[in-house]
Amino acid sequence: MVYIIALLSVVFLGLAAMVVSRMGAAVKNVSGSEEEQQIGMSNRINGALMMIFLVLGLIGATWSFLYARQYFLPEASSPHGRRTDFLFWLSMSIITIAFVITNALLFIFAWKYQHKEGRKAAYYPENHKLELIWTVVPAVVMAILVFTGWRAWRDIMSEAPANAQVFEIVGKQFNWIARYPGVDNNKLGSFNYKLIDNSNETGIDYTDEASFDDFTSTSELHIPANKPVLLKIRARDVLHSVFIPHLRVKMDAVPGMPTRFWFIADKTTDEMKNITGNPDFTYEIACTEVCGQGHFSMRIRLVVEDEASWQAWCKQQKPLLTSSPELATRIPANLKAKAAKYLPSDATAAPADSSTALLPKTGGVTIASAKLR
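Counting from 1 along the sequence shown, just add 16 to a position and that's the residue number in this note's numbering.
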């Protein structure tokens, strides 16, 4: 393939050299009047082509935009998302207007002021008024855009309201893990990356009693509608990025540097099914940072529901401590009594000593005590 491209390049250069030499010879043989006529004809053709290109370009750009609208996301399902969309379309409108005006003038001037016999170009060495206009107007527009964008960013990235419902989402190759705070007054337990293993994928620290009722999910994240939601974000391995397109939520998940994002989802999943006319509609959380071979599969379903439905769903979930009672070995002795209600009965019947609490029994004694004998 490389040799073929090289051969074609040589042929192209040879043909270009031949064309240039033929044109040079033709120009030498043309008289002054004939040369002027040819230049005039070329200018008229180029001027007409400029206008044709301008019209066709505007028609093509308009058609492209109108055709692509069917693939646009619907109206954002969050107040901050609608504000972000407004600023985006405001910026696009200003840029489009400036683009159309400047390019229209460029093409129209090329056609209107083409070379003609006897016409002399006007020369303006300076025009302070014109210079002031094209400096001040863009500066004012840019200042307005920057100020409104800064205000939106300040509000979106501000501290979450005190009544915000807290969740945690942890990214790892190649899935998301959602952690819920259970029913202990909306408080997530502490975590420690050193505690991560197959049973404790998010590294929940069970020396913190707030962790006892935390539960996790790798398939979906349920959140209440019309209530502030604080999403605490972490990454276990490489750089990931939390992206909820319909809510206009996006924040990187950085290893060793927890991030956060708070928002209000004001359209439930069922409402979006009616709005979009798609009975299979669902929100999703995707990863927008290429994180390895399985990046394409890194997503989790997001369910937005009313407060009552969300509360009922949460009550049906079991704490991680209940589904993985072996984690009780990490609970300090002084907290085992508080954790007992979250543990299966056979786990709580064992001695409080963490070294023997979960060891299986044989003949009425623990394996540990049998070994001591």
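Cβ coordinates follow ideal geometry from the N, Cα and C atoms, glycine included.
Source: prediction; values computed, not measured.
If I follow the unbroken beta strand (DSSP E) through I239, where does it start and stop? As a position in the sequence shown, residue 239 is number 223, starting the count at 1. I239 -> beta strand (DSSP E) spans E236 to P240.
CA-CA distance, S107 and I220? Along the sequence shown, one-based indexing puts residue 107 at 91. Along the sequence shown, one-based indexing puts residue 220 at 204. Computed Cα separation, rounded: 44 Å.
Pull up the distance between the alpha-carbon of T284 and that of V320, whole angstroms please. Indexing the sequence shown from 1 puts residue 284 at position 268. Indexing the sequence shown from 1 puts residue 320 at position 304. Distance between the alpha carbons of T284 and V320: 5 Å.
Host alpha helix (DSSP H) of S109 (start-end): Counted from its first residue, the sequence shown places residue 109 at position 93. Per DSSP, S109 belongs to the alpha helix (DSSP H) from P95 to K128.
Let me know if Y299 comes out buried or exposed under the rule of 16 or more other beta-carbons within 10 Å of its beta-carbon. As a first step, residue 299 must be located in the sequence shown, where it is residue number 283. Y299 comes out buried.
For S257, three-class secondary structure by DSSP: Start at 1 with the first residue of the sequence shown, and residue 257 comes out as number 241. Three-state DSSP puts S257 in a strand.
Residues in the same chain with beta-carbon distance under 7 Å from G63, minus the five sequence neighbours each way, listed in chain order, please. Mapped onto the sequence shown, residue 63 falls at position 47. Cβ neighbours of G63 beyond the five flanking positions: A126, W127 and Q130.
Opposite Y196 in the DSSP bridges: which residues? By one-based count along the sequence shown, residue 196 stands at place 180. F231.
Take the Cβ of L246 as the centre, count every other Cβ of all protein chains shown within 10 Å, and call the residue buried at 16 or more, exposed below. Locating residue 246 in the sequence shown gives position 230, where the first residue counts as 1. Flag for L246 reads buried.
Nearest candidate by alpha-carbon position, reference D229, set I316, S361 and A356: Sequence index remark: in the sequence shown, residue 229 carries index 213 (1-based). Considering only alpha carbons, the answer is A356.
Beta strand (DSSP E) segment containing P244, residue limits: One-based indexing of the sequence shown puts residue 244 at position 228. Start and end: P244 to A251.
Spatial distance of L23 from M34 (CA atoms): Position 7 of the sequence shown holds residue 23. Position 18 of the sequence shown holds residue 34. Rounded to the nearest angstrom, the two C-alpha atoms are 17 Å apart.
Keeping to the same chain, check which residues put their C-beta closer than 6 Å to that of L337; ignore five residues upstream and five downstream. Along the sequence shown, one-based indexing puts residue 337 at 321. Once the five neighbours on either side are set aside, the close Cβ partners of L337 are F228, L343 and Y358.
Return the chain-ordered ranges of every beta strand (DSSP E) run that is complete within the stretch 285-348 and spans a minimum of 3 residues. 299-303 and 315-321
Measuring alpha carbon to alpha carbon, tell me which of A120, N119, Y196 and N59 ends up nearest K132. Numbered from its first residue, the sequence shown carries residue 132 at position 116. Closest by alpha carbon: N59.
For D322 and A226, the rounded distance between their alpha carbons: Here the question's residue 226 lines up with position 210 in the sequence shown. Here the question's residue 322 lines up with position 306 in the sequence shown. Taking the straight line joining both Cα atoms gives about 25 Å.
On the premise that K243 lies in contact with P274, defined as a C-beta separation below 8 Å, what is that separation, rounded to the nearest angstrom? The residue labelled residue 274 in the question sits at position 258 within the sequence shown. The residue labelled residue 243 in the question sits at position 227 within the sequence shown. At roughly 22 Å, the Cβ-Cβ gap does not stay under 8 Å, so P274 and K243 are not in contact.
Let me check understanding here. Comparing Cα to Cα, which of R167, R135, V71 and E142 lies closest to L122? On the sequence shown, position 106 is the one that residue 122 refers to. Comparing Cα-Cα distances from L122 to each of R167, R135, V71 and E142, the minimum goes to V71.
Comparing alpha-carbon positions, which option in P90, A349, W278 and A92 lies nearest I239? Stepping through the sequence shown from its first residue, residue 239 is reached at position 223. It is W278.
R264 in three-state terms, based on DSSP: As a first step, residue 264 must be located in the sequence shown, where it is residue number 248. Looking at R264 - three-state DSSP - the assignment turns out to be coil, as it is neither helix nor strand.
Would a C-beta distance cut-off of 7 Å place T234 and N191 closer than the cut-off? Taking the first residue of the sequence shown as position 1, residue 234 is located at position 218. Taking the first residue of the sequence shown as position 1, residue 191 is located at position 175. Cβ atoms of T234 and N191: closer than 7 Å.
Candidates G205, V157 and R264, of which the one nearest R99 by Cα: Within the sequence shown, residue 99 is the residue found at index 83, counting from 1. Closest by alpha carbon: R264.
Identified DSSP bridge partners for A159: In the sequence shown, the residue the question calls residue 159 occupies position 143. A159 is not bridged to any residue.
At least three beta-carbon pairs within less than 8 Å, the stretch 197-205 to the stretch 161-172: no
Can you tell me which of the three DSSP states N59 falls into? The count along the sequence shown starts at 1 and reaches residue 59 at position 43. In this structure, N59 counts as helix in the three-state DSSP scheme.
Express the C-alpha separation of S215 and K334 in angstroms, rounding to a whole number. Taking the sequence shown and counting its residues from 1, the one referred to as residue 334 is at position 318. Taking the sequence shown and counting its residues from 1, the one referred to as residue 215 is at position 199. Between K334 and S215, the C-alpha separation is close to 14 Å.
Between G30 and the rest of its own chain, which residues show a CB-CB distance below 7 Å, the 5 nearest in sequence each way excluded? Counting from one through the sequence shown, the residue named residue 30 turns up at place 14. There are no such residues.
Is R276 helix, strand or coil by DSSP? Taking the sequence shown and counting its residues from 1, one reaches residue 276 at position 260. The answer is strand: DSSP assigns R276 an E or B state.
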